[in-house]
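Chains as they are written, first to last, in the numbering used here: chain A, 921 to 1178; chain B, 921 to 1178. In this text, a Cβ means the ideal position worked out from N, Cα and C, and glycines have one as well. Quantities reported herein were computed from a predicted structural model and do not represent experimental measurements.
Number of protein chains: 2
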Amino acid sequence: MTLASLEMTTDHAMTFAELPADTCGTGDCKHARGACDDCKVRLFSVCAALEPDELDELDRLSQVKNYPAKTMLFDQGAQAGAVFNVTEGVVRLYKSLPDGRRQIVGFALPGDFLGLAMMDRYGVAAEAVSPARVCRFSRAAFLSYVDGKPHLLRRMHEFAGHELSLAQDQMLLLGRRNADEKVAAFLLNLQARYARIGQKSVTVPLPMSRQDIADYLGLTIETVSRTLTKLAKDKALVVVPDGVRLLSMDKLDALAAA
Amino acid sequence: MTLASLEMTTDHAMTFAELPADTCGTGDCKHARGACDDCKVRLFSVCAALEPDELDELDRLSQVKNYPAKTMLFDQGAQAGAVFNVTEGVVRLYKSLPDGRRQIVGFALPGDFLGLAMMDRYGVAAEAVSPARVCRFSRAAFLSYVDGKPHLLRRMHEFAGHELSLAQDQMLLLGRRNADEKVAAFLLNLQARYARIGQKSVTVPLPMSRQDIADYLGLTIETVSRTLTKLAKDKALVVVPDGVRLLSMDKLDALAAA
DNA sequence: GGTCGGCATTGATCTGCATCAAGGCGTCGC
DNA sequence: GCGACGCCTTGATGCAGATCAATGCCGACC
Chain A
921 MTLASLEMTT DHAMTFAELP ADTCGTGDCK HARGACDDCK VRLFSVCAAL
971 EPDELDELDR LSQVKNYPAK TMLFDQGAQA GAVFNVTEGV VRLYKSLPDG
1021 RRQIVGFALP GDFLGLAMMD RYGVAAEAVS PARVCRFSRA AFLSYVDGKP
1071 HLLRRMHEFA GHELSLAQDQ MLLLGRRNAD EKVAAFLLNL QARYARIGQK
1121 SVTVPLPMSR QDIADYLGLT IETVSRTLTK LAKDKALVVV PDGVRLLSMD
1171 KLDALAAA
Chain B
921 MTLASLEMTT DHAMTFAELP ADTCGTGDCK HARGACDDCK VRLFSVCAAL
971 EPDELDELDR LSQVKNYPAK TMLFDQGAQA GAVFNVTEGV VRLYKSLPDG
1021 RRQIVGFALP GDFLGLAMMD RYGVAAEAVS PARVCRFSRA AFLSYVDGKP
1071 HLLRRMHEFA GHELSLAQDQ MLLLGRRNAD EKVAAFLLNL QARYARIGQK
1121 SVTVPLPMSR QDIADYLGLT IETVSRTLTK LAKDKALVVV PDGVRLLSMD
1171 KLDALAAA
């Protein structure tokens, strides 16, 4: 249900502090009581492990926050002051090298949790790709909340295990697949993730830029573009504004599977 | 302290069953009472979270098992019948594509735990690189043991978070680094891991084959060989039998950092 | 409505690593 | 001792994808 989103300390030297998150008063922050009740992603997220009264308690800790596209939720290496549950929009998680090369390690969709590992520093940076809404919890508060709720910890561990599995799939993709296979696998993967959160369709929205896709697949923007054009020529898909329509699952599956 | 070792279900179709593990009577299996007491890796492993009496209990669940080089501990997609703590030797964890392409997602060293995620199927295959000794626990028994020990679950979650961080580092390496950088980062990483388990040295043993290194770094065996030769020409290291001696941390660091 | 800037596409060329090929070297079995 | 095999190194060549460059497209802003 998720893509890479565990945050934790790494051995690397880190820079920057967490961006100011308490912008209450600017209108994009609410201590929204009862927000959990009609939360669209609750059943997909870690919160599904909680009893109603526990959910109420969590509700009181949460803060709904909106991030416009291209704004940063937190930076790689910053003190981890908060954990997040994405409820709307798409967030990119990435690591960068000093010379600017960037690897996107995952796109977080609604229902995904950022900060699963509850470590004291973020291991990746997170930026809104499209306008995003999140449920924000102070890390300290969330930590003491989890303490004494083994079933929640268990669920978070399950999520973490799933994250790692996806990370390992991505390693296989990055290390051993060619451009066609990478792009096909990416599109089918994204389609399956949309389906799981209730958006089943052969039209796959691509809110992220070609550069983002390239940085996720270990390619260049030109290769992504050419590959999409080639797949379109082969009638495997059609490129539409802000997305693709998948025409031949057979052809795409064949590429993605191997 | 670890490399990729969480095991879990993936979305892929899987084949094979777990290999027969109960070969007691052949001499490579012991229900060794008290094995934990003089365990060399206890303080590095998840077990360090346990109280003496808890350790005794765990001891009774454990089974010491030896795997000769090149034997398989478990296969990708098999029912996860057991979890493991590596105590000696090196284990490779990998995923394969139908056409035989292989990606090693991690090398497990003494202290590393295999099956952290406690899912019902293994997401990767595991094979001994060098003769390996492990502490084996039936998954069901371990699961009920962990149940009611939140501090152990917490520690396993910490390990899982660390694993994911390493996986994300590896994604950056696979997607965005060139051959020189990959090899340098690999060697420094391995050296640091040996140091943490008490083997601090500028001579880094390489028990795995060039093919294994290539499959870990997303390269070919020839490129790994040429890169080592080149680094040796540059006086950054010397290739020695079954390993390398690191001569210039500066040069290697410069490559590995970026 | 026009210009500007960001993003995507397409073409030409280059290059890092893969592929193909040939030995070298150490170890094992007989 | 020596042939065979596995593993590694080295060299020659090829190619997938990177790089360089030009153009198109569209929405924002004045």
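So does the segment 1063 to 1079 of chain B actually touch the segment 958 to 971 of chain B, counting three or more Cβ pairs closer than 8 Å?
At 8 Å Cβ cutoff, the stretches touch.
DSSP on D1173(A), reduced to helix/strand/coil?
Correct three-state label for D1173(A): helix.
Between T1205(B) and V1122(A), what straight-line distance do the alpha-carbon atoms span, to the nearest angstrom?
Here chain B covers residues 921 to 1178 and nothing more, so residue 1205(B) does not appear.
Can you tell me whether A1176(B) is buried or exposed, with buried defined as 16 or more other CB within 10 angstroms of its CB?
Buried.
Chain A beta carbons: is any one of them nearer than 8 Å to that of H1077(B)?
True, the Cβ-Cβ gap to chain A drops below 8 Å.
Report the residue from F1004(A), L1094(A) and V1066(A) whose alpha carbon sits nearest the alpha carbon of D1135(A).
Residue L1094(A) is the option with its Cα nearest to D1135(A).
Hey, does L1084(A) have any beta-carbon neighbour from chain B nearer than 8 Å?
By this cut-off, L1084(A) is an interface position.
If you reduce the DSSP assignment to three classes, tell me which class V961(A) lands in.
Coil, per DSSP.
In this structure, does DSSP put Y1014(B) in helix, strand or coil?
Residue state, collapsed to three classes: strand.
Going along the chain, which residues of its own chain have a beta-carbon closer than 7 Å to the beta-carbon of D1154(A), five neighbours each way excluded?
Excluding sequence neighbours, D1154(A) sits near K1171.
Is there a Cβ from chain B that is less than 8 Å from the Cβ of A1178(A)?
Yes, A1178(A) counts as interfacial toward chain B.
Closest to L1017(A) by CA distance: which of D976(A), P988(A) and A1045(A) is it?
Minimum Cα distance to L1017(A) is reached at A1045(A).
How would you label K1102(B), buried or exposed, when you count the other beta carbons within 10 angstroms and need 16 or more for buried?
Buried, because 16 or more other Cβ atoms sit within 10 Å of the Cβ of K1102(B).
Let me know if V1160(A) comes out buried or exposed under the rule of 16 or more other beta-carbons within 10 Å of its beta-carbon.
Classification for V1160(A): exposed.
Kindly list the residues whose CB is nearer than 6 Å to the CB of T991(A), restricted to its own chain and excluding five residues on each side of it in sequence; keep chain order.
A1048.
Helix, strand or coil for I1117(B), going by three-state DSSP, please let me know.
Three-state DSSP puts I1117(B) in coil, outside helix and strand.
Would a check of beta-carbon distances place L1017(B) closer than 8 Å to chain A?
Closer than 8 Å to some Cβ of chain A, the Cβ of L1017(B) qualifies, so yes.
Roughly how many angstroms lie between the CA atoms of I1141(A) and R1059(B), to the nearest whole one?
The alpha-carbon atoms of I1141(A) and R1059(B) are separated by roughly 45 Å.
Determine the DSSP secondary structure at N1005(B), reduced to helix, strand or coil.
The answer is strand: DSSP assigns N1005(B) an E or B state.
So what's G1026(A) in DSSP terms, helix, strand or just coil?
Residue state, collapsed to three classes: strand.
Could you please give me the residues that DSSP links to N986(B) through a beta bridge?
Answer by DSSP bridge pairing, in chain order: R1053(B).
Quick test of your reading: L1137(B) and V1144(B), contact by CB under 8 Å. State the CB separation rounded to the nearest angstrom.
At roughly 7 Å, the Cβ-Cβ gap stays under 8 Å, so L1137(B) and V1144(B) are in contact.
Measure the C-alpha to C-alpha separation of L978(A) and L1036(A) and round it to an integer number of angstroms.
Rounded to whole angstroms, L978(A) to L1036(A) spans 16 Å at the Cα level.
Taking the CB atoms as reference points, tell me whether T1147(A) and A1105(A) lie closer together than 8 Å.
In this structure, A1105(A) does not lie closer than 8 Å to T1147(A) by Cβ.
Output the boundary residues of the beta strand (DSSP E) element that contains G1163(B).
G1163 to L1166 is the span of the beta strand (DSSP E), which, as asked, contains G1163(B).
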